[in-house]
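A short worksheet on the structure shown next.
Numbering (full-length UniProt numbering), first residue to last: 1 to 246.
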């Protein structure tokens with residue numbers, strides 16, 4: 001399969017998503033917009049479109065951030081959704097999916113930076129792609145906002161600080177406000193660009209200190225993410241093969 005990443009900043013790396021793609025020897029391509037790389041102008045050759053996070057919001061203008069074009073990214077996302085591609089958004093990426101589908105992002109009740117549990121909803125517990133998550137799962141967080149909900153969106157998981165952690169927008173479209181892709185290498189990059197927030201950790205219920213962030217074990221949530229991606233791949237390839245044979 002062909003996996004394409006839209007990456008907004010060098011320090012918002014794809015982490016375990018990229019590891020999974022390499023393990024399976026998928027073709028990988030990138031739109032590293034912070035380097036001026038173009039968004040895909042044709043999604044026909046892409047199977048998975050994965051949109052990563054960033055310090056921007058969907059409302060950020062090109063005047064505020066010259067390398068970020070929210071509307072252009074939303075157009076690519078919508079094109080991929082209409083073509084029955086797998087579309088996964090992480091943090092800002094999840095908010096862009098919502099916006100592309102007409103659902104405005106919102107401010108999250110709590111700032112979350114660190115590793116904290118998410119709880120699966122009843123829908124989430126019975127969703128075939130998430131049954132291996134169990135009732136609760138400790139995952140990474142690094143956000144202030146959360147994605148909007150369309151009328152058909154299903155909330156898969158929430159946390160004490162944010163009611164929309166994982167959202168199923170469609171059978172191949174998922175928004176992750178949380179960060180299951182974090183690795184120690186990615187966390188180190190994020191720490192170096194988040195010192196102001198982290199220095200105020202004592203003022204927030206769900207913000208870890210740099211030392212705590214470095215001590216967390218991220219391997220188990222990475223493995224859960226791999227299983228989710230494996231299941232999603234099977235579903236996607238099954239549909240693709242059926243379309244090809246018919």
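Using N, Cα and C, we set each Cβ at its ideal position, and we do this for glycine too.
Since the model is a prediction, treat every value here as computed from it, not as a measurement.
- Per the DSSP secondary-structure output, residue 158 pairs in a beta bridge with 119.
- Straight across, the Cα-Cα distance linking residue 61 with residue 138 is about 34 Å.
- In the structure shown, the three-state DSSP call for residue 60 is coil.
- Under the three-state reduction of DSSP, residue 199 is assigned to coil, being neither helix nor strand.
- One thing to note: residue 182 has its Cβ within 9 Å of the Cβ of residue 140.
- Residue 174: member of the beta strand (DSSP E) spanning 173-176, first to last residue.
- One thing to note: residue 191 has its Cβ no nearer than 9 Å to the Cβ of residue 163.
- Beta bridge pairing from DSSP links residue 140 with 115 and 179.
- Bridge partners of residue 32 according to DSSP: 7.
- Per DSSP, residue 168 is one residue of the beta strand (DSSP E) stretching across 166-170.
- With 16 or more neighbouring CB atoms inside 10 Å of its own CB, residue 101 falls in the buried class.
- DSSP places residue 93 inside the alpha helix (DSSP H), whose first and last residues are 92-100.
- The way I'd put it, the segment 112-127 doesn't touch the segment 81-90; fewer than three beta-carbon pairs between them come closer than 8 Å.
- A distance below 7 Å between beta-carbons, with the five flanking residues on each side excluded, links residue 52 to the following residues of its chain, in chain order: 5, 6, 7, 8, 12, 14, 90 and 93.
- Rounded to whole angstroms, the Cβ separation of residue 95 and residue 57 is 7 Å, and the two are in contact under 8 Å.
- Residue burial is scored here from C-beta neighbours: residue 213 has at least 16 other C-beta atoms within 10 angstroms and is therefore classed as buried.
- Note on residue 99: 16 or more other CB atoms within 10 angstroms of its CB, so buried under the neighbour-count rule.
- A direct Cα-to-Cα measurement between residue 241 and residue 203 gives close to 52 Å.
- Ranked by Cα distance from residue 114, the first of 179, 75 and 27 is 179.
- Under the DSSP assignment, residue 50 falls in the beta strand (DSSP E) whose first and last residues are 48-51.
- Assigned with DSSP and collapsed to three states, residue 148 falls in coil, not helix or strand.
- At the C-beta level, residue 33 and residue 2 stay beyond 9 Å of one another.
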